[in-house]
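**Q** The following block contains the structure, expressed as structure tokens.
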Amino acid sequence: MKLFSIFERFFKLYSIPIFILVLSFGIYYLIFEVVSNQDNTKIAKTEAEIMQTTQVGKEASLPQDISDIQKEVEKPKTDTPFLETLPKPIEEPKKQELVVSKVPSLNIRKEPSTTSEIMGKLTPTLYAVILEQQGDWILIGNYYNHATLGWVLKSYTKPYFLEENPKMPQTSSTNQDNSLQKGSMIFYTSRVLALNIRQEPNTQSEILGKLTPDDMVEILEEQGSWVKIKDAKGGNKNGWVVKRSLEAL
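Each residue of the sequence shown is one higher than the one before, counting from 1 in UniProt numbering.
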């Protein structure tokens, strides 16, 4: 009973302070909970904003990164200074100096000497290229293939200028020998003492004349075993002959 009276007396004296203390604690706890909830909400929002901002920043910087990589790849790493390429001037067509004979028939010799073997004849209508010169003599060659023809006296020749790469003479034959396509500076003569020159490429055709070893002709056309010849000296030894009866000079 004594203990109960002590508690009763204590609560009577301190009931108001105890109530105030409990009320203050309850208010403090309520305020603490409200503030904690607000802070958590702000933290969540801040983290979401940071993540979103980081992702956007990465996406925005990605093209720049790719562009930088492309620039590094495309940029040549060289110490060589850049040189400006200037357009080349248009060159005028070249002209090549050829020679033809001043006389109707000029001896083409094997060596640069008047006692050397005669290899053929150069005429005013046949041109050749100059390959070499020794004193009064010049070494001439076929214009189209530059094959060596022989030596002639320069004083009996004259220059002939021709545009570079002229068209080669055409023939009507479809089965031409390669040697015929190289030009008309290859001369031929007869293997026999008297070779029939005919009007047409057959043995029944009219005989126009005889070709001898002293004559010199060009081949203009070929049909089978026959060839059409032209007198290289400007004579009348023109027509068709059997090809196997000819030999090159």
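Yeah, the Cβ is synthetic: ideal placement off N, Cα and C, and Gly gets one too.
For clarity, every value in this text was computed on a predicted model and none was experimentally measured.
Would you kindly work out how many angstroms separate the C-alpha atoms of N202 and G135, rounded to a whole number?
**A** Rounded to whole angstroms, N202 to G135 spans 49 Å at the Cα level.
**Q** Measure the alpha-carbon distance for R198 versus S105 and round it to whole angstroms.
**A** Computed Cα separation, rounded: 25 Å.
**Q** If we ignore side chains and look at the alpha-carbon of each, how far apart do I118 and L246 end up?
**A** Roughly 17 Å separates the two Cα atoms.
**Q** Tell me which residues share the same chain as L153 and place their Cβ nearer than 7 Å to its Cβ, disregarding the 5 neighbours each side in the sequence.
**A** D136 and W137.
**Q** Thinking C-beta only, is G234 closer than 7 Å to F187?
**A** The answer is no: Cβ separation not under 7 Å.
**Q** Tell whether a beta-carbon distance below 7 Å holds between D231 and V217.
**A** Against a cut-off of 7 Å, the Cβ pair of V217 and D231 comes out as a contact.
**Q** Label R191 either buried or exposed according to how many other C-beta atoms from any shown protein chain fall within 10 Å of its C-beta, with 16 as the threshold for buried.
**A** So R191 counts as exposed.
**Q** In this structure, does DSSP put I16 in helix, strand or coil?
**A** Correct three-state label for I16: helix.
**Q** Sort I130, G150, L131 and Q204 by Cα distance to T114 and report the nearest one.
**A** T114 has its Cα closest to that of G150, out of I130, G150, L131 and Q204.
**Q** Look at the alpha carbon of Y156 and the alpha carbon of L131, and state the distance between them as a whole number of angstroms.
**A** So the alpha carbons of these two residues sit roughly 17 Å apart.
**Q** For the beta strand (DSSP E) containing T123, name the first residue and the last one.
**A** Looking at the DSSP string, T123 is not in any beta strand (DSSP E), and its letter there is neither H nor E.
**Q** Kindly indicate which residue of R109, N196, S116 and L126 has the alpha-carbon position closest to the one of L139.
**A** Nearest option by C-alpha distance: R109.
**Q** When you compare only the Cα positions, how much space is there between I219 and S116?
**A** Cα-Cα distance, rounded: 26 Å.
**Q** Among K237, Y160 and S36, whose alpha-carbon lies nearest the alpha-carbon of D214?
**A** For the residues K237, Y160 and S36, the minimum Cα distance to D214 belongs to K237.
**Q** Is V103 buried or exposed, if buried means 16 or more other CB atoms sit within 10 Å of its CB?
**A** It counts as exposed.
**Q** A248 bridges to which residues according to DSSP?
**A** A248 pairs with Y188.
**Q** Could you say which of Q223, V100, E111 and N107 lies nearest to A128 if we only look at CA atoms?
**A** Out of Q223, V100, E111 and N107, V100 has the C-alpha closest to the C-alpha of A128.
**Q** Assuming K243 and V227 make a contact with CB atoms under 8 Å, what is their CB distance in whole Å?
**A** Between V227 and K243 the Cβ distance is about 5 Å, and since that is below 8 Å, they are a contact.
**Q** Looking at C-alpha atoms only, which residue of I207, T212 and E200 is the closest neighbour of A194?
**A** Checking every option, the nearest Cα to that of A194 belongs to T212.
**Q** Grouping DSSP H, G and I as helix and E and B as strand, with all else coil, what is S5?
**A** If DSSP states are grouped into helix, strand and coil, S5 belongs with the helices.
**Q** So, under 8 Å CB-CB, F161 and E206 are touching, yes? Tell me the CB distance rounded to an integer number of Å.
**A** Not confirmed; about 42 Å, so no contact.
**Q** Using CA atoms only, rank isn't needed, just tell me which of V22, E200 and F19 is closest to S225.
**A** Ranking the options by Cα distance to S225, first place goes to E200.
**Q** How should residue 274 be labelled, buried or exposed, when 16 other C-beta atoms within 10 angstroms of its C-beta is the threshold for buried?
**A** Since the displayed the chain opens at 1 and closes at 249, residue 274 lies outside it and no answer follows.
**Q** Over what stretch of residues does the beta strand (DSSP E) that includes G135 continue unbroken?
**A** Note, G135: premise wrong, no beta strand (DSSP E); not H, not E.
**Q** Please report the straight-line C-alpha distance between E164 and Q204, rounded to a whole angstrom.
**A** In this predicted model, E164 has a pLDDT of only 45, less than 50, meaning its place in the structure is not dependable enough to derive any value.
**Q** Compute the Euclidean distance between the alpha carbons of I27 and R9, then round it to the nearest angstrom.
**A** Answer to the nearest angstrom: the Cα atoms are 28 Å apart.
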